[in-house]
Amino acid sequence: MLNRASILVVDDDADIRHLIGIYLQEAGMQYKEAKSGTEALILLENESFDLIILDFMMDDADGLHVLNFLHAHQIETPIIVLSALTEIKGKIENLGLVADDYVAKPFIPNKLIARVIAILRGSQNPSTIVSLNRIECGPIILNERSRSVEKHKIKYSLSQTECDLLSMFMRHPGQIFTKDEMYTLVWKHDIFDTNKLDTHIQSLRNKIEDDPKSPQHIKTIRGIGYRFEGE
Numbered sequence: 140m141l142n143r144a145s146i147l148v149v150d151d152d153a154d155i156r157h158l159i160g161i162y163l164q165e166a167g168m169q170y171k172e173a174k175s176g177t178e179a180l181i182l183l184e185n186e187s188f189d190l191i192i193l194d195f196m197m198d199d200a201d202g203l204h205v206l207n208f209l210h211a212h213q214i215e216t217p218i219i220v221l222s223a224l225t226e227i228k229g230k231i232e233n234l235g236l237v238a239d240d241y242v243a244k245p246f247i248p249n250k251l252i253a254r255v256i257a258i259l260r261g262s263q264n265p266s267t268i269v270s271l272n273r274i275e276c277g278p279i280i281l282n283e284r285s286r287s288v289e290k291h292k293i294k295y296s297l298s299q300t301e302c303d304l305l306s307m308f309m310r311h312p313g314q315i316f317t318k319d320e321m322y323t324l325v326w327k328h329d330i331f332d333t334n335k336l337d338t339h340i341q342s343l344r345n346k347i348e349d350d351p352k353s354p355q356h357i358k359t360i361r362g363i364g365y366r367f368e369g370e
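Residue numbers for the sequence shown follow the working numbering, beginning at 140 and rising by one.
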């Protein structure tokens with residue numbers, strides 16, 4: 140996993156970005172740089188990363204702005220916050236936000252990389268990668284902004300309802316959703332039409348399943364609802 144890991148390094152100090160990059164590459168990882176929070180969000184809109192190293196104090200869209208944005212968009216990429224401030228963990232958590240680890244500046248590069256490796260190895264859900272407007276789960280890639288799904292480099296357009304359903308499934312692989320839960324989450328009300336739901340499910344299967352009659356991704360749980368499996 141480490142040899143394929145892609146890390147986003149966000150810091151307004153070019154020397155620090157370069158230093159971290161050298162140590163990441165020596166550990167067999169790939170990385171991209173962002174010199175501001177704004178630049179980081181642009182990258183996250185188009186790419187997926189396994190971990191983000193985020194400087195908290197930046198002039199343009201600081202770390203707090205980035206954390207708020209990631210939280211609002213349900214991007215669950217692990218984050219290590221770098222900061223020279225004391226009690227930074229408490230300040231962030233008091234705002235209802237969270238990071239996976241906190242490293243004080245100045246830091247020892249080898250120790251930072253050791254924390255990166257520990258978080259990557261301890262990732263709770265490595266099969267699903269969520270970034271801004273984009274979700275990857277197994278061979279399936281959903282782009283929420285363009286309302287399209289791609290599998291084996293074949294792309295299909297989705298209706299808004301299909302996109303919302305697939306997003307719900309892919310954000311929670313393995314979870315069983317009852318039909319009334321799905322209607323509440325996607326249609327935002329409790330009165331549901333079983334035939335309408337089943338029609339949307341069949342349409343999704345026709346687009347993402349190799350054999351829609353024997354689905355491997357959107358599975359029917361008889362008498363209950365549906366479950367999504369990415370692999």
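For each residue, glycine too, the CB sits at the ideal point set by N, CA and C.
Requested in this report: Return the CA-CA distance between leucine 236 and lysine 352, expressed in angstroms with no decimal places.
Outcome: 43 Å
Query raised in the report: Using DSSP with H/G/I as helix, E/B as strand and the rest coil, what is aspartate 319?
Result: helix
**Report entry** Classification of glycine 176 by the beta-carbon crowding that lies within 10 angstroms, buried from 16 upward
**Finding:** Counting Cβ neighbours within 10 Å, glycine 176 comes out buried, since at least 16 surround it.
Query raised in the report: Near lysine 346, which residues of its chain fall below 7 Å by C-beta distance, leaving aside the five closest residues on each side in sequence?
Result: For lysine 346, where only same-chain residues beyond five positions count, the Cβ hits under 7 Å are Val288 and Tyr295.
Query raised in the report: From leucine 336 to phenylalanine 188, what does the alpha carbon distance come to, in whole angstroms?
Result: 33 Å
Requested in this report: From the DSSP output, in three-state form, read off isoleucine 191 for me.
Outcome: Isoleucine 191 falls in the strand class under three-state DSSP.
Query - leucine 163 beta carbon less than 8 Å from that of threonine 252 - result: The sequence given here places isoleucine at residue 252; threonine does not occur at that position. Yes, Cβ-Cβ distance for isoleucine 252 and leucine 163 is below 8 Å.
Query raised in the report: Which term fits glutamine 263, buried or exposed, when burial requires 16 or more other beta carbons within 10 angstroms of its beta carbon?
Result: Caution applies to glutamine 263, whose pLDDT of 45 falls short of 50 and renders its modelled position unreliable; the value that the coordinates give is listed next. The residue in question, glutamine 263, is exposed, as its Cβ has fewer than 16 Cβ neighbours within 10 Å.
Query raised in the report: Going by other Cβ atoms of all chains shown within 10 Å of its Cβ, with 16 needed for buried, is proline 354 buried or exposed?
Result: buried
Query raised in the report: Counting along the chain, where does the beta strand (DSSP E) carrying threonine 359 start and finish?
Result: 357-360
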